[in-house]
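Quick note on numbering: the sequence shown equals residues 1 to 421 in the UniProt record's numbering.
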Amino acid sequence: MAEQIVEEWEELNADYKQLEVDNKAYLQRLEEVNNIQKICLNHIAHQRYRIASISKSLKDLRKKKVDDKKLEDVRSNIMKRKAQLYEIEQTLPKPNGTYLKIILGNVNVSILNKEGKFKYKDEYEKFKLILSMIGILMAILNFFVRFRPLELSYIFLLVWYYCTLTIRESILKVNGSRIRGWWRLHHFLSTVAAGILLIWPDNDSWSYFRNQFMLFNIYINNVMYPKSNIPPLHTMPTLLLLLLLPSLCQLASTDNDPSSTSPPPPPAPQPVFQPPEQPPAAPFPLRRPPSYPYVDGYGYDVYYPHQKPVAVPVYQETPSGGYMSSLIPATQSALQFTLRALAKFGLFLVGGAALLLVGGIFTTALCSLTPICVISFPGLTGIDKESVRSMMTPDRISAAAAMVQDAIGKYQRLQRAVGKR
């Protein structure tokens, strides 16, 4: 038993030595990667500096109305080079913005691979979805239960939620996300508003406000929750195209004959077998052949001389497609663009109509069943035309006119005094 333990420990020591060697190699490679990243960033800065100077020179030449085909090529190449530099920057670490420097310090938050960026974006969406569900439950509970610690807990959750959103969105922005500025500004303002609510004392004004506030949060979270379960908008045209493609292909393959209500299906294309051409023998060692016969188009660029030629089916087009089949190659891109535009427009209309319908039903029911929508202004009661006219006496009008004339005279005297200086 003791000898077995000693042998296992010696084996573990050997594994640890290999671990030390691998870790040393890892640290060396990591240092090399950091040095190469700095070199690439310096190259990008140099490229942009030179591009800026060349662009300035091109603007000067354009003002002098110097036209040259080579200069136009340089302008187009500058635009391409800027796009290329942007693509390269996505693979290199970026400096943090001002907000992240204040919150996190000078910490590198750049994600260098696309898989990591997509994963972080997915976690951001899941975070919003989970907090929306929690917010719905806490808002409903606060609406029916009046308990001050529960209210403060919910408002503190809002402060933490919006603070976390601003940090996560800033990290996504550093990693190349196209989050709009107004969306981030809205979350910054929401953080400030939630902080104000957190220090609002429990008085009469809060009692008048809290029920409407809780109902508003329930409504907002219900709007955000189904939005997280809808497929992305850019995938909807593709789904619609896949659903309509069989019908479109069947319509295109039929002959457009108005006299026949149900035209017969076109005959299937007849395969014509012909042997493939023999490629020349490769000067390098041949790779192992695949498990299926070699056919052009499988991605293998090596010919295997010990194999026999295999008959490849080549389909010939038949002239039974009619007028619609001749239009398919010319109208394919236009059809895809039209379907995508119609899908986006239809989704926009359906979403807007559904949102207006749900909001109208919810607001109508709320205002009909509760007195929340009845807003009164006690300080403005009893004001009508006759009361306003009774306040406008000749003495008051003359006093107001005298006050205005006195103000104009003082302003003129002040202007003359300033002019003399």
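For each residue, glycine too, the CB sits at the ideal point set by N, CA and C.
Given Asn-108 as reference, the closest of Phe-147, Leu-172, Ile-130, Leu-165 once Cα atoms are compared | Leu-172
Taking only the alpha-carbon atoms, compute the straight-line gap between Asp-406 and Ala-400 and give it to the nearest angstrom.
-> 10 Å
Would you mind working out which of Phe-144, Ile-218, Ile-102 sits nearest Ile-167, comparing C-alpha positions?
-> Ile-102
Should Ile-179 and Glu-169 be called a contact, given that it needs their Cβ atoms to be closer than 7 Å?
-> yes
If you drop the 5 nearest sequence neighbours on each side, which residues of the same chain put their C-beta closer than 8 Å to that of Met-138?
-> Leu-150, Ser-153, Tyr-154, Leu-157
Identity of the residue in Gly-360, Arg-416, Val-33 nearest Leu-112 by Cα = The residue with the shortest Cα to Cα distance from Leu-112 is Val-33.
Assigned secondary structure, Gly-97 (DSSP; H/G/I helix, E/B strand, else coil) | Assignment of Gly-97 by DSSP, reduced to helix, strand and coil, places it in the coil class.
Pull up the distance between the alpha-carbon of Ile-130 and that of Lys-63, whole angstroms please.
-> Going by C-alpha positions, Ile-130 is about 57 Å away from Lys-63.
Residues near Ser-326 by beta carbon distance below 6 Å, same chain, minus five either side | Residue placement at Ser-326 is poorly supported in this model, since its pLDDT is 49, which falls under 50; the coordinates still yield a value, given next. Sequence-distant Cβ neighbours of Ser-326 in its own chain, meaning closer than 6 Å and more than five residues away, do not exist here.
Of the residues Asn-211, Tyr-16, Val-358, the one placed nearest Val-145, counting alpha carbons only = Asn-211
Please look up how many angstroms separate the CB atoms of Met-79 and Asn-142, rounded, as I've assumed it's under 8 Å.
-> About 54 Å separates the two Cβ atoms, so there is no contact after all.
Label Asn-13 either buried or exposed according to how many other C-beta atoms from any shown protein chain fall within 10 Å of its C-beta, with 16 as the threshold for buried.
-> Taking every protein chain shown into account, the CB of Asn-13 has fewer than 16 other CB atoms within 10 angstroms, so this residue is exposed.
Gly-352 burial status per 10 Å Cβ neighbour count (16 or more: buried) = exposed
Limits of the alpha helix (DSSP H) - the one that residue 422 falls within = Beyond the ends of the chain as shown, which are 1 and 421, falls residue 422; an answer cannot be given.
Chain-order list of residues whose beta-carbon lies under 8 Å from that of Ala-2 (same chain, five-residue window excluded) = none
For Val-159, which residues from the same chain have a beta carbon less than 8 Å from its beta carbon, with the 5 sequence-adjacent residues on both sides left out?
-> Thr-191, Ala-194, Gly-195, Leu-198
Tyr-161 burial status per 10 Å Cβ neighbour count (16 or more: buried) | buried
So, is Gly-135 buried or exposed, given that buried needs 16 or more other C-beta atoms within 10 angstroms?
-> buried
Run the CB neighbour count on Leu-165, radius 10 Å, all protein chains shown included, and call it buried at 16 or more, exposed below.
-> buried
Enumerate in chain order the residues of its own chain whose CB-to-CB distance from Leu-71 is below 7 Å, with the five nearest sequence positions on each side excluded.
-> The residues are Leu-58, Leu-61.
In the structure shown, what three-state DSSP assignment does Thr-166 receive?
-> helix
With a floor of 4 residues, list each alpha helix (DSSP H) that falls wholly inside the segment 133-185, ordered by position along the chain.
-> 148-174
Taking Cβ positions, are Lys-121 and Val-174 nearer each other than 7 Å?
-> Their beta carbons are not under 7 Å apart, which means Lys-121 does not touch Val-174 by this criterion.
Glu-125 versus Phe-345 - alpha carbon distance = 25 Å
Taking C-alpha atoms, which residue in Gln-4, Cys-163, Ser-177 lies nearest to Lys-128?
-> Cys-163
Is it right to say Ile-36 is buried, meaning 16 or more other beta carbons lie within 10 angstroms of its own, or is it exposed?
-> exposed
Span separating the alpha-carbon of Ser-368 from that of Met-133 = 27 Å
Do Cys-40 and Leu-104 have their C-beta atoms within less than 7 Å of each other?
-> In this structure, Leu-104 does not lie closer than 7 Å to Cys-40 by Cβ.
What number of angstroms, rounded off, separates the C-alpha of His-46 from the C-alpha of Tyr-86?
-> 14 Å
Within 10 angstroms of its Cβ, does Asn-217 collect 16 or more other Cβ (buried), or is it exposed?
-> buried
Apart from the five residues just before and just after Ile-44, which ones in its own chain have a Cβ nearer than 7 Å to its Cβ?
-> Leu-85, Ile-88, Glu-89
Determine the direct distance from the alpha carbon of Trp-200 to that of residue 424, and round the result to whole angstroms.
-> Residue numbering for the chain in the displayed model covers 1 to 421; residue 424 lies beyond these limits and cannot be assessed.
By DSSP, does Asp-202 sit in helix, in strand, or in coil?
-> Secondary structure of Asp-202 (DSSP, three-state): coil.
Given Gly-97, which residues of its chain have a CB within under 8 Å of its CB, disregarding the five upstream and five downstream residues?
-> Residues of the same chain with a CB within less than 8 Å of the CB of Gly-97, apart from the 5 flanking positions on each side, are Ser-170, Lys-173, Val-174 in chain order.
Consult DSSP for Thr-370 and reduce its assignment to one of helix, strand or coil.
-> coil
Contact check, Ile-148 vs Asp-204, beta carbons under 7 Å | First, the amino acid is wrong: residue 148 is Arg here, not Ile. It is not a contact, given that the beta carbons lie outside the stated cut-off.
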